[in-house]
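Participant: Number 185 in numbering that gives the first Met the number 0 belongs to position 186 of the sequence shown; there are no gaps in the numbering. Structure below; questions to follow.
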Amino acid sequence: MDSEGVNTMAKKYISEFQARDSIDEVFYVSSKRVQNYKSKPGCFLHLVLSDRTGTIGSKLWDFTPEHLDIPEKSFIRCAGEVVEFADSLEIHIQSYVPVDKGAVDPRDFLPVTPLDIREMQREICNTALELENRHLKNLLSRFVQDEDLFHRFCECPAAKTMHQAYVGGLLEHSLRTAKIVEKIAELYPAVNRELAVTGALLHDIGKIGEYDFDYSVEITDEGRLLGHIVLGLQILDSLIGRIPDFPDELRLALYHIVTSHHGRYEWQSPKRPKTIEACLVHYADAMEADLWKFSSLKDKHEGESWSPWERSLERFVYLK
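Okay, here's the thing in structure tokens:
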């Protein structure tokens with residue numbers, strides 16, 4: 000153990016925990032709440048702790064008001080025992096000390112895409128070079144040449160929890176969505192392929208303003224108040240505003256793809272898709288996210304017949 004309370008032994012991650020393990024690790028405090036005992040007077044502190052592999056519930060039984068000094072969105076070194084309760088693992092905390100965030104490695108708390116980020120960046124750059132429409136080529140070129148904007152896009156998660164909630168997730172999701180769009184567009188000559196591919200690459204660009212992701216994926220004030228669709232339109236408007244003579248009709252078509260990509264009003268879409276390109280991007284977006292979830296469940300529960308109930312898919316998934 001070093002002087003700042005950080006365990007210098009090889010780190011053990013939440014996904015590796017087993018019942019009856021004794022642990023002494025640094026965790027990110029995702030949330031906390033005080034709960035009353037059901038069968039006796041008094042209360043205990045419930046913490047949700049996380050690292051790059053997942054989250055785990057934790058309980059501090061000998062609760063005193065001083066324990067409320069554990070801030071959410073902070074780090075603690077926690078010693079305790081892993082126990083099984085209601086078919087899940089949780090930690091019964093025996094002791095803890097605060098840890099300064101400067102003493103932790105962000106890579107221990109944010110997972111990273113398994114794909115090659117540089118290769119995906121090159122694919123987007125090549126897509127920009129191959130476009131024949133000079134306005135769309137100019138738009139994507141300015142996007143990848145804006146170092147701060149493109150860096151944030153390539154680092155940003157695709158979601159907080161639902162799919163690809165890791166560094167590089169937005170890049171991965173957007174590129175795969177564009178590839179799905181490109182393949183399907185081959186079957187339908189009515190689709191403006193270059194417009195649809197550009198819209199697919201940029202449909203979620205507002206997420207770079209919706210999420211903070213230094214040590215965990217958190218929603219920003221702008222994300223809660225405006226959402227990534229509005230933020231995406233703002234970014235797109237800023238990019239297009241730097242391009243002389245960008246056609247109004249093309250600008251409107253791109254804005255509509257971003258505005259309608261959630262597809263349904265009940266999915267918080269301001270508009271439903273009203274062009275063939277917007278329709279294609281919407282379904283490709285949903286398909287990519289859902290296929291990632293199915294694939295992730297197969298990897299996570301390898302050798303099993305069925306997944307646990309997957310809330311985002313609203314079903315059990317057959318894995319064989």
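Think of the CB as a built atom: it goes at the ideal place given N, C-alpha and C, for glycine as much as any other residue.
Enumerate, from N- to C-terminal direction, the unbroken beta strand (DSSP E) stretches of 3 or more residues contained entirely within the segment 64–141.
Facilitator: 74–84, 87–98
Participant: Using only alpha-carbon positions, find the residue among K319, E71, K58, E118 that is nearest to S29.
Facilitator: E71
Participant: Considering only DSSP beta bridges, list what I55 is partnered with.
Facilitator: Paired residue(s): L48.
Participant: Going by DSSP, what residues sit across from I275 in a beta bridge?
Facilitator: Answer by DSSP bridge pairing: none, since I275 is not bridged.
Participant: May I ask which residues mark the beginning and end of the alpha helix (DSSP H) holding R32?
Facilitator: From DSSP, R32 is part of no alpha helix (DSSP H) but of the beta strand (DSSP E) over 21–35.
Participant: Taking just the CA atoms, how far does D244 sit from L312?
Facilitator: 44 Å
Participant: Which residue or residues does DSSP assign as beta-bridge partners of V166?
Facilitator: Looking at the DSSP assignment, V166 forms a beta bridge with V111.
Participant: Note down the Cα distance separating W266 from E154, rounded to an integer number of angstroms.
Facilitator: E154 has its alpha-carbon roughly 25 Å from the corresponding atom of W266.
Participant: Would you kindly work out how many angstroms separate the C-alpha atoms of R106 and Q17, rounded to a whole number?
Facilitator: 22 Å
Participant: For C325, name the three-state secondary structure that DSSP assigns.
Facilitator: This structure leaves residue 325 out entirely; the chain is present only between 0 and 319.
Participant: What is the residue span of the alpha helix (DSSP H) that I228 lies within?
Facilitator: 226–240
Participant: Is the shortest distance between the beta-carbon of S29 and the beta-carbons of chain B less than 8 Å?
Facilitator: Of the chains in the structure shown, none is chain B; there is only one protein chain.
Participant: Figure out for me which residue from D99, D289, T197 has the closest Cα to the Cα of V25.
Facilitator: D99
Participant: Can you list, in chain order, the residues of its chain with a C-beta nearer than 8 Å to that of S215? Leave out the 5 residues immediately preceding and following it.
Facilitator: Y27, S29, S49, K72, F108, L109
Participant: When you compare the CB positions of Q163 and H150, do they come within less than 8 Å of one another, or not?
Facilitator: In this structure, Q163 sits away from H150, with a CB-CB distance that is not shorter than 8 Å.
Participant: Quick one: grab the DSSP three-state call for D1.
Facilitator: Below a pLDDT of 50, predicted positions are generally treated as unreliable, and D1, at 45, falls in that range; the measurement from the model is reported next regardless. The answer is coil: DSSP assigns D1 none of H, G, I, E or B.
Participant: Taking 8 Å as the threshold (C-beta atoms), are I183 and L279 in contact?
Facilitator: yes
Participant: Report the rounded CA-to-CA distance for M0 versus L67, giving the unit in angstroms.
Facilitator: Confidence in M0 is poor, its pLDDT being 42 and thus under 50, which makes the residue's placement unreliable; the coordinate value appears in the next sentence. One C-alpha to the other measures close to 25 Å.
Participant: Spatial neighbours of V47 within its chain, please: CB distance less than 8 Å, with the 5 preceding and 5 following residues excluded, ordered by chain position.
Facilitator: V28, S29, S30, K31, T54, I55, G56, S57
Participant: When you compare the segment 125–138 with the segment 73–83, are there three or more beta-carbon pairs, one atom per stretch, that lie closer than 8 Å?
Facilitator: no
Participant: Check whether the Cβ atoms of A189 and I275 lie closer than 8 Å to each other.
Facilitator: yes
Participant: Where does G302 land, buried or exposed, given buried means 16+ other C-beta within 10 angstroms?
Facilitator: It is exposed - the Cβ of G302 has fewer than 16 other Cβ atoms within 10 Å.
Participant: Can you tell me whether T176 is buried or exposed? The criterion is at least 16 other CB atoms within 10 Å of its CB, across all chains shown.
Facilitator: buried
Participant: State the start and end residues of the unbroken alpha helix (DSSP H) segment that holds T258.
Facilitator: 247–259
Participant: If contacts are defined as beta-carbon pairs under 8 Å, then I329 and T52 qualify, I think. What distance do you get, rounded to the angstrom?
Facilitator: Here the chain covers residues 0 to 319 and nothing more, so residue 329 does not appear.
Participant: So, for K159: in the same chain, excluding its five sequence neighbours on each side, which residues have a beta-carbon less than 6 Å away from its beta-carbon?
Facilitator: Closer than 6 Å at Cβ, skipping near neighbours: V216.
Participant: If you follow the alpha helix (DSSP H) that R192 is in, where does it begin and where does it stop?
Facilitator: 192–201
Participant: From this set, W60, F43, I92, which residue's C-alpha is nearest D23's C-alpha?
Facilitator: I92
Participant: What's the call for V180, buried or exposed, on a 16-neighbour Cβ count within 10 Å?
Facilitator: buried
Participant: How about L139 and A157: do their beta carbons lie closer than 8 Å?
Facilitator: no
Participant: Please return the same chain residues whose Cβ sits closer than 8 Å to the Cβ of V103, not counting the five positions on each side in sequence.
Facilitator: V5, V25, F74, Y214
Participant: Tell me whether the beta-carbon of G167 lies closer than 8 Å to the beta-carbon of T219.
Facilitator: No, Cβ-Cβ distance for G167 and T219 is not below 8 Å.
Participant: Do you know how far the Cα of H202 is from the Cα of V229?
Facilitator: When rounded, the separation of the alpha-carbon atoms in V229 and H202 is 11 Å.
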